[in-house]
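Colleague:
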Amino acid sequence: MSITTIAFPNSELRNRVIAQIPAHQRADVDLVVFSDAERSAKLSRDDVDVVVLPYLDSGPTIELLDELPNLRLVITQTTGFDPVSHLPERGIQVATASGVHTGGTAELALALTLASLRGIDDAVRSQVSRVWEHHRYRSLQDRRVMIIGVGEIGSAIADRFDPFEVQLTRVASTAREDERGKIHGVDELPKLLPHTEVVVLITPLNESTHHLVDEKFLSQLPDNALIVNVARGKVVDTDALVAELATGRLHAALDVTDPEPLPRNHALWGTPNTLITPHVGGDTSAFEPRVVKILAEQVRRINDGQQPVNLIKA
Ligand SMILES: NC(=O)C1=CN([C@@H]2O[C@H](COP(=O)(O)OP(=O)(O)OC[C@H]3O[C@@H](n4cnc5c(N)ncnc54)[C@H](O)[C@@H]3O)[C@@H](O)[C@H]2O)C=CC1
Ligand SMILES: O=CC(=O)O
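Okay, here's the thing in structure tokens:
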């Protein structure tokens with residue numbers, strides 16, 4: 015592809031990417047900062063043909079994309095591309111940073127599960143109030159765990175749960191087999207959910223997963239089941255979850271919510287048995303060096319006239 019200008023969300027990221035690429039490999043492509051493209055009289059919106067999205071941006075920059083007449087490619091710093099999934103059908107390519115968060119998100123899924131089952135949040139509350147309080151919590155060992163979404167991160171989560179001697183069930187959009195064994199299809203959920211004690215959600219957000227976890231799904235889970243969401247907030251019907259949590263029947267550990275950020279007055283902050291982290295699955299020390307490496311590879315390929323890596327299909 016013949017690309018002339020790649021707009022970055024800030025100069026720090028652009029400079030870190032530039033530092034990764036030998037000068038002779040970036041000579042043809044202009045690496046600009048998006049805000050300059052906005053403000054500068056010299057560089058008009060017509061010039062920008064590639065945009066690197068800010069991390070987890072589903073708002074302002076995405077609206078601006080509609081105003082770039084020559085936009086050909088959007089590059090995300092995330093694995094999920096739900097905010098820009100509509101672009102390929104308009105002829106604009108989308109390339110993700112698939113893999114950038116695999117270890118971090120898999121770790122957090124395990125951490126949230128352990129923290130919730132072992133009542134670490136209760137212990138922290140007791141510590142803050144200087145109260146020595148004993149409760150008996152559930153062990154992860156022997157729990158019946160279901161992972162919904164068997165892609166890059168779902169597989170890494172399965173690897174991390176294995177040493178805990180859980181009874182693992184994996185669910186994907188359609189049934190299949192892999193080297194680890196059977197993967198169930200989502201159509202089998204009604205049969206599987208009543209026997210599931212921990213559900214880990216790690217699907218992309220798309221039409222088939224929007225509100226996958228709804229009132230019916232929740233009602234099929236046994237008492238005390240735990241829902242761990244490290245996918246996207248909208249995979250869960252939040253109203254249905256709040257209603258079910260309010261009864262005290264289920265537990266939830268959520269890295270992602272709908273909406274995000276969660277407003278101060280949102281009911282989820284106050285439901286019992288609920289642990290919330292602010293969408294930090296991939297936000298670890300491993301993120302920046304990885305994303306810079308991926309972006310440098312994208313720039314190098316674009317400069318060589320090659321297709322970027324991790325292009326999503328229209
Ligand atoms: N909490 C966080 O910080 C992070 C969250 N994510 C989320 O995790 C998602 C998954 O990431 P990866 O594993 O890298 O993606 P991936 O594309 O490798 O795997 C996704 C899997 O979900 C399956 N799937 C799709 N529709 C489904 C359905 N209706 N029912 C069941 N399974 C279905 C696909 O078949 C695929 O196996 C991302 O799209 C993103 O939304 C990703 C990184 C960090
Ligand atoms: O939520 C993060 C992502 O990479 O997707």
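Take the sequence shown: its position 6, counting from 1, is numbered 20 in my numbering, and each next residue is one higher.
Even for Gly, the Cβ is constructed at its ideal location relative to N, Cα and C.
Just how far apart, CA to CA, sit K273 and G247?
Modeller: The sequence shown places Pro at residue 273, not Lys. Approximately 7 Å between the Cα atoms of the pair.
Colleague: Taking just the CA atoms, how far does V313 sit from S25?
Modeller: If you take the alpha carbons of S25 and V313, they lie about 15 Å apart.
Colleague: By a C-beta neighbour count over all protein chains shown, 10 Å radius and 16 as the cutoff for buried, is P322 buried or exposed?
Modeller: Under this definition P322 is a buried residue.
Colleague: Give the range of the alpha helix (DSSP H) segment to which R28 is assigned.
Modeller: It spans S25 to Q34 - the alpha helix (DSSP H) in which R28 sits, taken as one unbroken run.
Colleague: Kindly give me the distance between the Cβ atoms of T19 and D80, rounded to whole angstroms, as I take these residues to be in contact under 8 Å.
Modeller: Contact flag wrong, Cβ pair sits at about 18 Å.
Colleague: With 16 other CB atoms within 10 Å as the buried threshold, where does R184 fall?
Modeller: R184 comes out buried.
Colleague: At a cut-off of 6 Å, would you count G94 as near ligand 2, judging by its Cβ distance to the nearest heavy atom?
Modeller: Because some heavy atom of ligand 2 lies under 6 Å away, the Cβ of G94 counts as near it: yes.
Colleague: Determine the DSSP secondary structure at K11, reduced to helix, strand or coil.
Modeller: The requested residue 11 does not occur in the structure, where the chain is confined to residues 15 to 328.
Colleague: Does DSSP put A21 in a helix, in a strand, or in coil?
Modeller: Three-state DSSP puts A21 in a strand.
Colleague: Which partner residues of I162 appear in the DSSP bridge assignment?
Modeller: According to DSSP, which records beta bridges pairwise, I162 is partnered with V185 and L215.
Colleague: If the criterion is Cβ atoms closer than 7 Å, does the pair F22 and V88 meet it?
Modeller: Not a contact, by the Cβ cut-off of 7 Å.
Colleague: In terms of alpha-carbon separation, which member of R278, V249 and W283 lies closest to A260?
Modeller: Closest by alpha carbon: W283.
Colleague: Can the beta-carbon of V305 be found less than 7 Å from the beta-carbon of Q91?
Modeller: Against a cut-off of 7 Å, the Cβ pair of Q91 and V305 comes out as a contact.
Colleague: Taking a contact to mean a Cβ-Cβ separation below 7 Å, would you say Q181 touches R152 in this structure?
Modeller: Not closer than 7 Å, so no.
Colleague: For the candidate residues A267, F231 and A129, whose alpha-carbon lies nearest to that of P208?
Modeller: Residue F231 is the option with its Cα nearest to P208.
Colleague: To which residues does DSSP link R190 through a beta bridge?
Modeller: DSSP output for R190 lists I197 as bridge partner(s).
Colleague: What ranges does the beta strand (DSSP E) occupy inside the stretch 91-166, keeping only unbroken runs of at least 3 residues that lie completely in it?
Modeller: Listed in chain order, the complete beta strand (DSSP E) runs (minimum 3 residues) inside the stretch 91-166 are 107-109 and 158-162.
Colleague: Taking only heavy atoms of ligand 2 into account, decide whether any of them is closer than 6 Å to the Cβ of H115.
Modeller: Checking every heavy atom of ligand 2 against the Cβ of H115, one is found closer than 6 Å.
Colleague: At which residues does the alpha helix (DSSP H) containing P255 begin and terminate?
Modeller: The residue asked about is misnamed: residue 255 is Leu in this sequence, not Pro. Segment T252 to A260, the alpha helix (DSSP H) holding L255.
Colleague: Among E311, I326 and K327, which has the Cα closest to the Cα of Q320?
Modeller: Minimum Cα distance to Q320 is reached at E311.
Colleague: What are the partner residues of N279, as DSSP defines its beta bridges?
Modeller: For N279, which the question treats as bridged, DSSP gives no partner whatsoever.
Colleague: Looking only at its chain, what residues have a beta carbon closer than 8 Å to the beta carbon of E191, apart from the 5 residues adjacent to it on each side?
Modeller: The answer, listed in chain order, is I197.
Colleague: Report whether the distance from the Cβ of P275 to the nearest heavy atom of ligand 1 is below 6 Å.
Modeller: Not under cutoff, so the answer is no.
Colleague: So, using beta-carbon positions, are G296 and G118 closer together than 7 Å?
Modeller: In this structure, G118 lies closer than 7 Å to G296 by Cβ.
Colleague: Compute the distance between the beta-carbons of G73 and P218, then report whether it is under 7 Å.
Modeller: Result no, Cβ atoms of G73 and P218 do not sit closer than 7 Å.
Colleague: Nearest to G199 by alpha carbon, out of D176, H115 and V164?
Modeller: Closest option to G199, Cα to Cα, is V164.
Colleague: Please state whether the Cβ-Cβ distance between H293 and S130 is less than 7 Å.
Modeller: Taking 7 Å as the Cβ cut-off, H293 and S130 do not qualify as a contacting pair.
Colleague: Do D228 and A254 have their C-beta atoms within less than 7 Å of each other?
Modeller: Cβ atoms of D228 and A254: closer than 7 Å.
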